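As structure tokens, the structure follows; a few thoughts come after it.
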Amino acid sequence: MNSEYALLREQINKCSICSLCEGRILAVPGEGPIPSDIMFVGEAPGSNEDKQGIPFVGQAGKLLDSLLEKIGMDRNKVYITNIVKCRPPNNRDPIPIEIESCRPYFDKQIKLVEPKVIVGLGRFALSYFLPGNSISKVHGELFDWNGVYFFPMYHPAAALHQGNLRQVLESDIAKIPKLIQQIDFRLNTSENIEANEPYQYKLL
425 MNSEYALLRE QINKCSICSL CEGRILAVPG EGPIPSDIMF VGEAPGSNED
475 KQGIPFVGQA GKLLDSLLEK IGMDRNKVYI TNIVKCRPPN NRDPIPIEIE
525 SCRPYFDKQI KLVEPKVIVG LGRFALSYFL PGNSISKVHG ELFDWNGVYF
575 FPMYHPAAAL HQGNLRQVLE SDIAKIPKLI QQIDFRLNTS ENIEANEPYQ
625 YKLL
């Protein structure tokens, strides 16, 4: 394991910056290869993640695994994490102070993972990268975020509560293999993205 990444995991596991540390069983830093072409980002751990210290191991995680399998991808080949590293009480939404407390850890993860594309799962991930946007309007589209490609999707948990969203999720995640090909092409041509310039790319 990369020593810098190992140190980051240790810092997250011992973190006491906000009050979430008081009720957690385990912090959930993230899981996957370093570096990784694809980084999946959710909002916060749930009860199963809190017990195991691994992201996306509950019902939403099982759905994500199934969706990845359908496009020929293995979750062990992608990096998976959440913006907030500890479970909020009663699985409530994370609040701004909790998101801000985890921001240095999450930003450091992005630098270490060096993803070609960040796949944001749900409205909290979308708000972190593209504040002011609605997931219902921009899901399945490709954006620039500070020189990194960003691809928002619905959170798998949303599809567990609203069955009609499963087809939307399947349609969006099916774009990812071709998306990586397009990104590789752009990174090897003059069509590179400019840092700090918000831009929406059309998918071919």
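Take 425 as the starting number for the sequence shown in the numbering used here and just add one per residue.
Note that CB positions come from ideal geometry on N, CA and C, so glycine has one too.
Bear in mind the structure is a predicted one, so any value in this text is a computation, not a measurement.
_By alpha-carbon positions, which one of 582, 540, 589 and 559 ends up nearest to residue 571?_
Counting from 1 along the sequence shown, the entry for residue 571 is found at position 147. Comparing Cα-Cα distances from residue 571 to each of 582, 540, 589 and 559, the minimum goes to 540.
_The beta strand (DSSP E) enclosing residue 542, as first and last residue numbers_ = Translated into positions along the sequence shown, residue 542 becomes position 118. Looking at the DSSP string, the run of the beta strand (DSSP E) that includes residue 542 is 541-545.
*Excluding the five sequence neighbours on either side, which residues of its own chain have a C-beta within less than 7 Å of the C-beta of residue 487, listed in chain order?*
Looking up residue 487 in the sequence shown gives position 63. Contacts found: 580, 583 and 584.
_How far does the alpha helix (DSSP H) with residue 609 in it extend, from its first residue to its last?_
As a first step, residue 609 must be located in the sequence shown, where it is residue number 185. 600-611 is the extent of the alpha helix (DSSP H) around residue 609.
*Span of the alpha helix (DSSP H) around residue 572*: Sequence index remark: in the sequence shown, residue 572 carries index 148 (1-based). Membership of residue 572 in any alpha helix (DSSP H) is not indicated; the residue belongs instead to the beta strand (DSSP E) covering 572-577.
*residue 568, buried or exposed, once every other Cβ within 10 Å from all chains shown has been counted against 16*: Against the sequence shown, residue 568 aligns to sequence position 144. The residue in question, residue 568, is buried, as its Cβ has 16 or more Cβ neighbours within 10 Å.
_Classify residue 484: buried if its beta carbon has 16 or more other beta carbons within 10 angstroms, exposed otherwise._
Within the sequence shown, residue 484 is the residue found at index 60, counting from 1. When all chains shown are included, residue 484 counts as buried.
*asked:* Quick check on DSSP: helix, strand or coil for residue 554?
replied: Position 130 of the sequence shown, counting from 1, holds the residue named residue 554. Residue 554 falls in the coil class under three-state DSSP.
*At what residues does the beta strand (DSSP E) containing residue 506 begin and finish?*
As a first step, residue 506 must be located in the sequence shown, where it is residue number 82. Residue 506 -> beta strand (DSSP E) spans 503-506.
*In the structure shown, what three-state DSSP assignment does residue 395 receive?*
Because the chain spans 425 through 628 in this model, residue 395 falls outside it and cannot be assessed.
*Helix or strand or just coil, what does DSSP make of residue 619?*
Here residue 619 corresponds to residue number 195 of the sequence shown, with the count starting at 1. Caution applies to residue 619, whose pLDDT of 39 falls short of 50 and renders its modelled position unreliable; the value that the coordinates give is listed next. In this structure, residue 619 counts as coil in the three-state DSSP scheme.
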